[in-house]
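Residue numbers (my numbering), protein chains in the order written: chain B, 66 to 179; chain L, 796 to 900.
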């Protein structure tokens, strides 16, 4: 297992287009988290899954955002009708159970909306 | 919601100096993480601690649960330690804004 993988690393899109990011967690980890980080700020929580169930969503996750983890393995984060304010680094992390055992982060997907 | 404050926001020091980064939070927690983020975005978990002190190489992390405060220390700092250091509390993870550390040779 090579850790948490995110794809793509970089994405440039035109305003109004849809984008989808993928996260492959560590295989034994049943929790998967999505975060967004803008320049100069710490990451902000977006949503998390335990297995295939999406247990919590931040109010930051507007109707244009949707996340899935269909088989409790990889997850996708889709942004519809992208806006310039969506430009950020999108980070994925995984952990066992409550995360008190430690989190492993992916390298992130940097989204630029032009 | 837990408020996580880090200080300083920016720190520039000379190689070899002893570095201290502080983190305070507003609501009691079960554990706190110290993370390192290099340019390009990759985040590495340095420590997870719920009490006392942990040491790994030149890095030392301490936490005082009663005072809701944690510190990260770097001894004999080196230019390769230059990065953003972020503390995060374990409640779904609430992050501080990070401390941007530059170690000059």
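Built from N, CA and C at the ideal position, the CB exists for glycine as well.
Query: With distances taken from CA atoms, which of L:854, L:881, L:843 is nearest residue 895 of chain L?; Result: L:881
Query: Along the chain, where does the beta strand (DSSP E) containing residue 110 of chain B start, and where does it finish?; Result: 109-115
Query: With distance defined between alpha-carbon atoms, name the residue in L:820, L:845, L:853 nearest to residue 796 of chain L.; Result: L:820
Query: Could you compute how far the alpha carbon of residue 178 of chain B sits from the alpha carbon of residue 148 of chain B?; Result: 6 Å
Query: Have a look at L:874, L:817, L:860 and flag the residue whose alpha-carbon is nearest the alpha-carbon of residue 825 of chain L.; Result: L:860
Query: Within the 8 Å Cβ cut-off, does residue 119 of chain B reach chain L?; Result: no
Query: Taking contact to mean 3 or more Cβ pairs, one atom from each stretch, closer than 8 Å, check whether the region 810-820 of chain L and the region 864-876 of chain L are in contact.; Result: yes
Query: With 8 Å as the C-beta to C-beta threshold (strictly closer), list the residues of the region 82-116 of chain B near chain L in chain order.; Result: 98, 100, 102, 105, 106, 107, 108, 109, 110, 113
Query: Quick one: is residue 850 of chain L near chain B, going by C-beta distance under 8 Å?; Result: no
Query: Report yes if the C-beta distance between residue 161 of chain B and residue 94 of chain B is below 8 Å; otherwise report no.; Result: yes
Query: Leaving out five residues before and five after residue 840 of chain L in sequence, what residues of the same chain have Cβ atoms less than 7 Å from its Cβ?; Result: 828, 830
Query: Can you give me the C-alpha to C-alpha distance between residue 883 of chain L and residue 115 of chain B, rounded to a whole angstrom?; Result: 20 Å
Query: So who's on the other strand from residue 847 of chain L, going by DSSP bridges?; Result: L:858
Query: Buried or exposed: residue 96 of chain B, going by 16 or more other Cβ atoms within 10 Å of its Cβ?; Result: buried
Query: What's the gap between the Cα of residue 878 of chain L and the Cα of residue 146 of chain B?; Result: 34 Å
Query: Exposed or buried, which one is residue 103 of chain B when buried takes at least 16 other CB atoms within 10 Å?; Result: exposed
Query: Got a sec: is the Cβ-Cβ distance from residue 172 of chain B to anything in chain L below 8 Å?; Result: yes
Query: Flag this pair as yes or no: are the beta carbons of residue 170 of chain B and residue 89 of chain B separated by less than 8 Å?; Result: no
Query: Looking only at its chain, what residues have a beta carbon closer than 6 Å to the beta carbon of residue 85 of chain B, apart from the 5 residues adjacent to it on each side?; Result: 141, 143
Query: Comparing alpha-carbon positions, which option in B:135, B:72, B:70, B:101 lies nearest residue 151 of chain B?; Result: B:101
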